[in-house]
Amino acid sequence: MMNLIAQTALYIFTCGAMALLTSVTLDAQAVDVVVNIDRTTLDWSDLGMGAPTTADDADQSQNPHVEFRFVPKYGKPHAEAGAVDYVLPRLNDGKLPGNSDDNTKNSWFDTAKNSRILVDLGESADLARINVYSWHSGALSPQNYTLWAAAGDTQPNVDSVDLSKGWQKLAKVNTFPLGEGGKHGSSINGKDGILGQYRYLLFDLPANRPDWYRSGFISEIDVFKAGRPLGKVKVLDRGTQSGTQTLKFGDIQLTKLQKEATPYLLSGQKLYAYGSMNGTFPRVGRLGGDQGGLWCHPIKLLDSFEYAIQEEGQSDWQL
């Protein structure tokens, strides 16, 4: 039974001191930074920070001078990630993914290491909120990044291993504890309504799955200046369930919690590994190609392979 649920957590970072719920020390312009993370399998509007918008101050429709660029020294965008030269236009075009594996509306990187996204707002401005949204069927939905910021017209070094020289660390975000799959959102806010005055933002993202050479999906990034009305970010009690997955191998039926690691089956001297996520994935027995979700790595092909999911409040479906 995979329950239609969502989870949330709240991290409060105090600049210049140890964070209340993490060991990260922040020193950005002596302000308090509040990071809210949330996950849902419902509509974007169900997230605590609300749905992505085209009315934010970094959207192409509001400010055509804003650019989202990748840093070439680090992870390279996937061939289908929509990069145009060094620009990542999907991150601020206001166009949302149509499904949980939409290669036409997300940006992501082919790398086992870190990727970096540079945002140039065109001019320094007092910022109040930064929202990041992602959606994938499994391991590429969680967000894991450190956000750095800088003011002034001179862009600090984006290639540096030590970003503390020239950049201010604003926040460290990790939504992996909320589980894989679904829509993930993170919202970075100044506790008193202002994050600080910045022109440049730099997202430093480790790979979600180094073994797949894949970063996480990023669907949209919204940036809001101070001085405009902003809705309150809700902290929702989502519960703790994560759902289960059931796979059938002929007469064998196994169920595991979605958050648990992939188990292995041993038959004689033959080892079978299997895993599952909702989505569209390689056929049974395929060892290469795209990252898996519904996949099986047996020594021999099986005569039958079924994967069934029952979601609370939804019709059952089966592959």
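Numbering (my numbering), first residue to last: 6 to 324.
Cβ atoms here follow ideal geometry from the backbone N, Cα and C, with glycine treated the same way.
Predicted model only: the values in this text are computed from it and were never measured.
- For the beta strand (DSSP E) that E185 lies in, which residues bound it at each end? Note, E185: premise wrong, no beta strand (DSSP E); not H, not E.
- Item | Bridge-paired residues (DSSP) for I199 | As far as DSSP is concerned, I199 takes part in no beta bridge.
- If you drop the 5 nearest sequence neighbours on each side, which residues of the same chain put their C-beta closer than 6 Å to that of I193? Here the set comprises V40, I135, A176.
- Item | Delimiting residues of the beta strand (DSSP E) encompassing A155 | In the DSSP assignment, A155 falls within the unbroken beta strand (DSSP E) covering 149-155.
- 8 Å Cβ shell around G53 - same chain, five flanking residues per side excluded: Excluding residues within five positions, the ones whose Cβ falls inside 8 Å are T13, N41, D43, G190, S192, V238, K239, V240, L241.
- Query: What do you reckon, are the CB atoms on F4 and Y138 nearer than 8 Å?
  - Reply: With the chain covering only 6 through 324, there is no way to say anything about residue 4.
- Taking all protein chains shown into account, do 16 or more other C-beta atoms lie within 10 angstroms of the C-beta of N111, making it buried, or fewer, making it exposed? N111 comes out buried.
- First and last residue of the uninterrupted beta strand (DSSP E) at W140: Looking at the DSSP string, the run of the beta strand (DSSP E) that includes W140 is 119-141.
- Task: Go to T45, then tell me how far its beta strand (DSSP E) extends in each direction, as first and last residue.
- Result: Unbroken beta strand (DSSP E) run through T45: 37-45.
- Message: Suppose the cutoff is 8 Å on Cβ atoms and the five residues either side in sequence are ignored; what does the same chain contact list for I199 look like?
- Response: Once the five neighbours on either side are set aside, the close Cβ partners of I199 are V36, D131, L132, A133, A231.
- State yes or no: is the C-beta of G221 within less than 8 Å of the C-beta of P102? The beta carbons of G221 and P102 sit no closer together than 8 Å.
- Message: So the candidates are G127, V76, A84; which of them puts its Cα closest to the Cα of A63?
- Response: Per the Cα distances, G127.
- Look up S50 in the DSSP assignment and say whether it is helix, strand or coil. If DSSP states are grouped into helix, strand and coil, S50 belongs with the helices.
- Query: Going along the chain, which residues of its own chain have a beta-carbon closer than 8 Å to the beta-carbon of E85, five neighbours each way excluded?
  - Reply: The residues are N108, T109.
- Limits of the unbroken beta strand (DSSP E) element including R74: For R74, the enclosing beta strand (DSSP E) begins and ends at 72-75.
- Below 8 Å between beta carbons: does that hold for R121 and Y79? Cβ distance < 8 Å, so R121 and Y79 count as in contact.
- If you draw a straight line from the alpha carbon of D115 to that of G195, how long is it in whole angstroms? Going from the Cα of D115 to the Cα of G195 covers about 33 Å.
- Query: For the beta strand (DSSP E) that D227 lies in, which residues bound it at each end?
  - Reply: Start and end: 225-230.
- If D106 sits next to H141, beta carbons under 8 Å apart, how far is it from one beta carbon to the other, in whole angstroms? Under the criterion of beta carbons closer than 8 Å, D106 and H141 qualify as touching, at roughly 7 Å.
- Message: Below 8 Å on the Cβ atoms is my contact criterion, and I expect E185 with G143 to pass it. Report the Cβ-Cβ distance as a whole number of Å.
- Response: So it is a contact: roughly 5 Å between Cβ atoms.
- Query: Does the distance from the C-beta atom of W113 to that of I223 stay below 8 Å?
  - Reply: It is a contact, given that the beta carbons lie within the stated cut-off.
- Item | Distance, W172 Cα to T68 Cα | Checking the displayed sequence, the identity of residue 68 turns out to be Asn instead of Thr. Each residue's Cα considered, the two are about 24 Å apart.
- Leaving out the 5 sequence neighbours to the left and right, which residues in its chain are closer than 6 Å to Q65 when beta-carbon positions are compared? Answer for Q65: N97, D98, listed in chain order.
- Query: From this set, R214, P94, S169, which residue's C-alpha is nearest E72's C-alpha?
  - Reply: Of all alpha-carbon atoms in R214, P94, S169, the one lying nearest the alpha-carbon of E72 is that of P94.
- Query: Among residues of its own chain, excluding the 5 on either side of D216, which ones have a beta-carbon nearer than 6 Å to its beta-carbon?
  - Reply: Counting only residues of its own chain and dropping the five nearest sequence neighbours on each side, D216 has no CB closer than 6 Å to any other CB.
- Secondary structure at P215, three-state DSSP: helix, strand or coil? Here DSSP, grouped into helix, strand and coil, assigns P215 to helix.
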